[in-house]
Amino acid sequence: MVTTSHYLILGSALFGIGVLGFLMKRNVIVLLMCVELMINGAGVSFVALCRQTGSLEGQVFVLFAMVIAAVEIAVGLSLILLIFRNRATLDVDKLEVLKW
Amino acid sequence: MSALGGPGELLKGATTMDISQWPILSMLIFLPVAGAGLLFLIPWRGDFLPKALALVVAGLNLLLSLALFRAFDPSSSGMQFVEKARWIPEIGASYYLGIDGISLFMVLITTFMVPMALLSSWEQVERRPKMFYGFMLLLEAGLIGIFLALDLLLFYVFWEVMLLPMYFLIGLWGGAERRYATIKLIIYTMGGSLLMLVAILVLYFIHQGQTGEYTFDITRLYGTTIPPQALLPMGLAFFAAFAVKSPLFPFHTWLPDAHAEAPISGAVDITGLLIKTGAYAFLRFLLPLFPEFSISYAPMIVMLALIANIYGAVVATAQQDLKRLIAYSSVSHVGLVILGIFVFNLQGVEGAILMMVSIVLASGGLFMGVGMLYKRSRSKDISQMGGVWRDMPLLGGFFMFFTLASVGIPGLSNFVGEFLIFLGAFRANTFYGVLAAFVMVLTAVYLLWMFWRVMFGPSPAVARAWQDLSIGETVTLTIPAIVILLMGVYPKIFLDRIEPSAKGLLGHVEKKLVQREDLRAGYKSSTGEKVHGHRLSSR
Amino acid sequence: MVKDSCIAGCIWLIPALPLLGAAFNCLLGRRVGNLLVGIIGCGSIGLSAVLSLFIFNTFLALPVEQRRIEVNLYNWIPSGDFSAPLTLLLDPLSMVMAAMVSGVSFLIHVYSTGYMRKDESFARYFFYLNLFVFFMLLLVLAGNFLVLYIGWEGVGLCSYLLISFWYERESAARAGLKAFVVTRFGDFFFLLGIFLIFVNFGTIHFGSVFEKAPEVLSTTTATWIALLIFAGAIGKSAQVPLHTWLPDAMEAPTPVSALIHAATMVTAGVYLVARCYTIFELSPIATHTVGIVGLATAFISATVALVHNDIKRILAYSTVSQLGHMFLGLGVGAPGAAIFHLLTHAFAKALLFLGAGAVIHALHEEMDIKRMGALKQYIPATFWTFTIGALAMSGIPGFAGFFSKDAILHATFVHGGVLVWLMILLTASFTGFYTFRIVFLAFFGEKRWDVHVERPIGVMTVPLAALAFLAIAGGYMGVPHALGGMDKIGGFLAPVFSSHNPAEPAEGGAQAPEILLMVMSAIAAFGGIGTAYYFYMTPQGKEAPNRLRQRVAPIYELLSNAWYFDRVYQAVFVEPFMKAAGFFWEAVDSSVIDNAVRGVANSFLGGGSIVPKLQIGAVRWYALFMVLGITVMLGYVFLLM
Amino acid sequence: MELIQFYIVAAITISSAVSVIMQGRVMYSILSLIVTLLSVAWIYAILNASFLAVVQVILYAGAIVVLFVFAVMMLRYEEIEPQRMRTGLIGCLGLLVALFFIFELILSSATGPFVEEATLSADFGSIKSVGAILYTQYLVPLELASILLLVAVVGAALFSKRG
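Chains as they are written, first to last, in our numbering: chain A, 1 to 100; chain B, 1001 to 1539; chain C, 2001 to 2641; chain D, 3001 to 3163.
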C-alpha cells in the first residue's frame, strides 16, 4: 500500500537533494537546476497532499509554481549570460558583487 | 449670534455629487501610487511631462480630500467612510480604512503639502526629477495610509513603507552628509518600529487568548485588557516607536540631520508629515490601546515633552544652519503637541491636533522660503547672510509671515493650537502650564533672532544679483499663508470637526480606565488597598 | 434702543477700517504709488476716528445704565467648555480709549505722510502703522481677555516691526528684537493670568468675570491673578524692571515713537489694569505692588531723563516716568485719574514727539540736543507747539497735564501717604526740568549746527497744531471739583470701576488741602523749569551743570548708565542663555545623544563585518544560513515539540 | 502493483536527481535533469494529476530544459567551469547542514499527521476540473501570472540585448 507519506518522503528527498546541490555546487547554471529540483520536490508533496485531501488547490498551486519557475529560469539565465559576458566566470564564489 | 456667515457654512453648501458611495479613502491612497507607477514605468522624454503628471495627481488627490472634507459629518465622533475588505483572512488581517475628526486634518494637510512640496521643488531638482516626484507620490500614499488604517497590521505596513521613499529622497537627492543622515534616520526609526511589531504581535495573541478571535482590527483590540505584567513593556515598545518618529527628546537627533540633508521639498514633508505621524499614532494607538500605561506614565512623558519643548528652543538658538534651526524649532513644537496629548483634556488634545497641522504649514512655509533663498545663495549658513530683505523684499515678507506664525502671533494658526495646549496643560497641572507657556518667550528669541541675522542688517558689500521671487514662487508661498491665516482667524472649521472625535477618544480612555479600576477595586478591596482615580476630563 | 443697535451694528467697523487699510497697503501698496497709499492709510484711520467720535456722541446720549454694549462677531476658539468668541465691548472706558486712539492715530498718520514722504518703504510703513491701529483698537474694544490678548500681542508685533523698520541699521534690528522679547516676557505672565482666570471662573468674558470676582476669588487667588496681569502690564507699559526696551525703541521712525511708544501701545498696560480694577481691588498686595512699581518707575526714569542728551531718549524716559505716574494712580485707588492722565499724556507726549520729529527732520536726523539750538527762529510753529506740549507735560496750571497729574497727586496724598507724595512731587520738578532742558537747549541759545534747515511741510504742522489744542483743552474734561469743575471724565468712567467711587464732591473743609496740593505741585513744576532756565539760559548758570556733575560724579554715572539695568540683564540673562544654548547643542545633543546612537550603529556595523570576513564571498553564506535557519526551525518544530 | 510502480519511479527520480548534482559537466547535469523532470511527470500521473503531468512534460521537459541547453550553448562550452564541488569550511558546513536538513524533512514527512483520505471523484485532476477552478476562483492570479510571464520575456530580452 502506497501511502501519502511515501510520496512526501520522495518529495522531501528531491527537495533535499536540491538544497544539497545548491549549497555544494559552484556553477551558477547548476545552481539554477537545483532550484528546479527543489520546486519539483515541493510539487510532488503538493500533489500528494492534494490527493489526500481531495481538493484541487494544490494542483493549481503547482501550476503557478511552474509558471514562476519558467519566469525565473528565463530571467535567471539571461542574467547569467550577462554576468558571464562581464565577468567571464560562472563560479559563484568569484561573484562577490553582493558583498557590502 | 454670528454676524459673519463664515466659511463653514459656505463649504457645506449643496452637494452636487454624492461621494459617500465612492471608496474615497482607497482612492486617496492608490491615486498617488498609480501616479508613481506611471512615473517610474514609462520612459518619459524630458522633465516637464512627468513633473506635470505628478502635480496633476497630487492636485487631484487634494481635490478628492477636499470633497471628503465637504462630505465629512462634523457631528459624528465615529469612523466615517469606512472601507473594510478581507486582506489575509487566515490571520485576521483586514484592509480596514476609516476617517474621523482626528485623522481628517492629517489627511488634508498631507494632500495639501505634497503639491506644495512639488511646486517648491519645481526647478530645484536637477537629477532625475521623475524618480524624485515618483518617490514623493509614494510618500504621500504611505502617509495617507498611516492616517487611514484601522488595522494594526495594515498600519504597520504603511508605517514601514513610508520609510522607503524617505530613504531614497534623502539618500539620492540630499546634501553632502546625506549618507550619515539616512543611516541615522533608518536606524532610529527601524529600531523603534521593530519593537512595536513585537508588541503588536503580543497584543494580537493576548486578544486571541481573551476572545478566541484572531484580529488586527484596532476597534476590537481597543477592548483588550492587557495583563499588568505586560503593560509596561508593551506600552514602552509602542511609545518608543512613536517617540522616535515624533521625535521626542532624547530620540530627536535624527531630525536635524535628516532636515539639514534633505532636499528642500523632502524637508517640507519630513517636518510636517513624517513627524506628525508619530504624534498622530500616540492619539490613535497608544492612548486607546494602553490607557493605563498612558495615564500612569503620563507624568514622565509630559516631562520629556516639556524638556523637548524647552531644550529644542534653547538648542535652536545656538544653530548656525538655517535648516537645522528650523528642525530644532520643530522638536520644540512637537514637544508641545505631545504635551497636549498627554494632559488628557479636550483643550490639550484639540490643541495638539491643530498644532500638528499648523507646524506643518508654518515650518513648511519657512522651509520653502529657505529653499528659495538657498537656490540663490547656495548657502544655509546664517552667518553668511544678512540684509536679504533689501535684495528680496517679497521673500522677506513671506519669511516674516511664516516666522511670526511659528512664533505664535494671535490671528495666525500656531497661536490657536499653542493657546489650547497651554490651557490644557495649565488645567491639568499649573506647573506644566507655566513651563510650557514660558517657551513662547524662547520661541520669540530664537526665531526673531534668526530672522534678524538673515533678513536685517546691511547688505554685504559684495553685490548680489538675487532676483526676488518669481510669480510661481510667490503663488507657492501664498497658498499656505492663506491657510495659516484662515486657521488663525477662523479655527472653528477645524475645531468643530475635531471636537466629537477628541471627545470620543477621551471618553473611551476614561471609560476603559474606569472599567479596569472597577475590576481591580474588586480584587483589591479585600486587601484594603486604596484605588486612586486619575483626574480625567473630557470637558 | 434704536441708538443702541445702531452703535452695536457699527462697532466692528472701528477696528475693521484700519485693517482694510492695512490689507490694501500690504497687497497693493508697492504698486499704487505713495499718494494713494497715504490717502488710504490716513483715510481709513480718519474714517474710523470720525466713526468713533460719532459713536461717542451717540453714546453720551444714552442713559448711564445702558452705556455698555456688547457685540459678538463670531465664536473664535470653541473647545469644549472653553470658548473665546470675538466679542467687542463698548463701555465708557473703551469708548474713551477708542476715541483717543483713533483720533491721535489719525493725526500721526497725517503727520507721517509728511515725515516719511522720502522713504522708499512708504507703503510698508503705512501697512505696519494701519495694522497697529487695528490691533490697538481691538485691544481697547475687546470684550474678553483673549480678544484683548490678540490686540495685546498684535500691537507688540507691530511695535517690533516698526522699531526694526530701518532694518539695515544693526541697532534698529537689535532694539526691535529686544522690545519684542522683553514685552513677550510680560505677555507670558499675562497669558498665565488668563488661564488662572479661566480655571477659576470658567469663562474669560469681562462682564461675567468682573461680576463674579468678589464671590469667586479668595484674596490669594485674586493676588495671583492681579499680579500676573500686572506683570503683563509691566512688560507692555515699560515699567521697572522691564522698562529697558522703551528707550531703545527710539530707533523707530519718530512718528512711530509718538504713536506707539508714547500715546497708545505703552498705555495698554494702564488700560489693562484699569479694566481689571475689580480684581485688583480684591487684593491689597497687588494694589500696593502696582503703586510701588509705578512710583519706582516714575522716579527712576525721571532721574535718568535728567542727564541724557538724545532728544528722543529723554522723551522716552519721560514716557516711562509718566506711565509710572499712571500706575501710581491705579495703585492708590484712582483709576479714573490714571485714565485721565493717560489721555492728557497721550496728547502732550504725542505732541512732544512729533515736535521732536520736526526738529530732527529739520536738522537731518540730528538727535543730540547739544548740537541744536536757536531753532526758534527757523521753525517757529514747531517751537510754539513743542512748548505747549512741554508746559502740559510739566503740569503747569491751565494745561492738560496739570489737571490729570493733580488728580493723581491728590489721590496719592490721600491714600499713599506724605512720603510718596513728596517723592512724586520731586519727580514732578524733575519733569519740568528735563522737558524744558530740551526746549531751552534746542530752541534757544546759540546755533550749534550748520545744515540747511528743512522746514516741516503743512501736513506736519497741522497735526502739531491740533495736538497742541488738545494738550491745552484736554484737561478741561476733568476739572476737579475743588476748582469748581465737574470732573466730567471721572463721572463718565465711574460705572466701569463699579465698586469704586470716584472722588466724591469734596466737603467744604477738604477743598482747601486739595488746592494747596495743586499749588505745591505747580511750584514744584515751576521750580524744575526755573532750574533749567538757570542752567541753560542765564550766563551765570552756564557752568552749573558741569560743576554739579563733578560734585555728584557717582550719581551721574549711575544715571547716565540708566541705573545699570541693561548691563545687569546682559550679564545675568542674555550671556548665560547663549552659553547654555551652545552647551546644550554641542555637549548634550551632538556628543551624548548622538554618540549613543552612533554606538548602536557601529555595533551593527561591527557585527555585520565579522561574518563576511570568515570567507571571501557572501552569497553562498547567505544561502547556507538560510538553510541553517530553516533546519533549526524545523528541528524545533518536529524534533523537540 | 502501485507499490512496485512507486519504487521504480522513486528510484529513477532520486538517482537522476543525485546525478544532476554529481555530474562534472553541465551538459550531463541537464540530461539528468530531463530524466528527473519526466519521472516527476510520471509521479503526477500516478497521483491523479493527469493535467499537471502533461504540463510538466511540455513546460519543464520541453521548454525549460531547452532554455538550459541554449544557455550552455551560448556560453562557450570549455569555459563553463567550475565543475568541482565546494571544499573547505563552507563545503563541509554545507554538506552537514544539508544532510541534516534532508534527515529532518524525511522524518517529518514520515510522521506527519494526516487527515482522512478523501474519496476522489472520477475526473479528479482532469483538465476539465482543473480548468474549472483555474478560470473561476483563480482567475485573477492566472491573469497576473500571464502578465508576469510577459514581463519576464520582455526582461529577458532586454537583459540579453543590453549586455
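Heads up, the beta-carbon is just placed ideally off N, CA and C, and yes, glycines get one too.
Checklist entry - Expressed to the nearest angstrom, what Euclidean distance is found between the alpha-carbon atoms of C:Phe2132 and C:Ile2045? => result 11 Å
Checklist entry - Which same chain residues, not among the five before or five after C:Ala2022, have their C-beta less than 7 Å away from its C-beta? => result Phe2127, Asn2130, Leu2131, Phe2134
Next on the checklist: Let me check understanding here. Comparing Cα to Cα, which of B:Leu1273, B:Val1343, B:Ile1275 lies closest to B:Ser1296?
Outcome noted: B:Val1343
Item to check | Counterpart residues of C:Leu2088 in DSSP-defined beta bridges | outcome: C:Val2071, C:Ala2142
Checklist entry - When the distance is taken between beta carbons, is C:Gly2114 closer than 8 Å to C:Leu2138? => result no
Checklist entry - What did DSSP end up calling B:Leu1097 once you bin it into helix, strand or coil? => result strand
Next on the checklist: Taking the straight line between their C-alpha atoms, what separation do you get for C:Gly2635 and B:Leu1194?
Outcome noted: 26 Å
Next on the checklist: Can you give me the C-alpha to C-alpha distance between D:Phe3051 and D:Ser3129, rounded to a whole angstrom?
Outcome noted: 9 Å
Item to check | Residues sharing a beta bridge with C:Ser2083, DSSP | outcome: C:Pro2078
Next on the checklist: Does B:Gln1319 come out as helix, strand or coil in the three-state DSSP assignment?
Outcome noted: coil
Item to check | Below-8 Å beta-carbon distance, D:Met3073 vs any chain A residue | outcome: no
Checklist entry - Name the chain C residues whose beta carbon is nearer than 7 Å to that of A:Leu23? => result Ala2623, Leu2624, Val2627
Next on the checklist: I'd like the list of long-range same chain contacts for B:Arg1475, defined as Cβ closer than 8 Å, with 5 residues on each side in sequence excluded.
Outcome noted: As written in the sequence, residue 1475 of chain B is Val, which differs from the Arg given in the question. Taken in chain order, the residues that qualify are Leu1119.
Item to check | C:His2205 (DSSP reduced to helix, strand or coil) | outcome: strand
Checklist entry - What residues in its chain sit with their C-beta under 6 Å from that of C:Leu2342, if we drop five residues either side in the sequence? => result Thr2267, Val2270, Met2326
Item to check | Proximal residues, the region 2026-2044 of chain C versus chain D, C-beta separation under 7 Å | outcome: none
Item to check | For B:Gln1384, three-class secondary structure by DSSP | outcome: helix
Next on the checklist: What residue range does the beta strand (DSSP E) around B:Trp1087 cover?
Outcome noted: 1080-1088
Checklist entry - Between which two residues does the alpha helix (DSSP H) carrying A:Gln52 extend? => result 28-53
Checklist entry - Given a threshold of 16 other Cβ atoms within 10 Å of its Cβ, counted over all protein chains shown, does D:Val3055 qualify as buried or as exposed? => result buried
Checklist entry - DSSP state of B:Ile1468, grouped into three classes? => result The residue asked about is misnamed: residue 1468 of chain B is Asp in this sequence, not Ile. Residue state, collapsed to three classes: coil.
Checklist entry - chain D beta carbons: is any one of them nearer than 8 Å to that of C:Leu2634? => result yes
Checklist entry - Counting contacts by CB-CB distance shorter than 8 Å, is D:Ile3090 in contact with chain C? => result yes
Checklist entry - How far does the alpha helix (DSSP H) with C:Pro2335 in it reach, from first residue to last? => result 2335-2362
Next on the checklist: Considering just the uninterrupted stretch of the alpha helix (DSSP H) at B:Lys1130, what are its terminal residues?
Outcome noted: 1129-1148
Item to check | Under 8 Å by beta carbon: chain G residues contacting C:Ile2077 | outcome: In the structure shown, chain G cannot be found, because the protein chains are A, B, C and D.
Item to check | B:Asp1047, DSSP secondary structure in three states | outcome: coil
Next on the checklist: Please report the straight-line C-alpha distance between D:Lys3161 and A:Leu79, rounded to a whole angstrom.
Outcome noted: 11 Å
Checklist entry - For the alpha helix (DSSP H) that B:Arg1178 lies in, which residues bound it at each end? => result 1178-1211
Checklist entry - Once you ignore the five residues that flank B:Ile1029 on each side, which residues in its own chain have a CB closer than 6 Å to its CB? => result Ala1141, Ile1144, Gly1145
Next on the checklist: Any heavy atom of the ligand COA inside 7 Å of the beta-carbon of B:Ile1200?
Outcome noted: Ligands are entirely absent from the displayed structure, and the ligand COA is therefore not among its contents.
Next on the checklist: Strictly under 8 Å for the Cβ-Cβ distance: is B:Ala1034 near chain C by that measure?
Outcome noted: no
Checklist entry - Ends of the alpha helix (DSSP H) at B:His1259? => result 1254-1261
Checklist entry - Should B:Phe1048 go down as buried or exposed, given a rule of 16 or more other Cβ atoms within 10 Å for buried? => result exposed
Item to check | Backbone secondary structure at C:Asn2546 - three-state DSSP | outcome: helix
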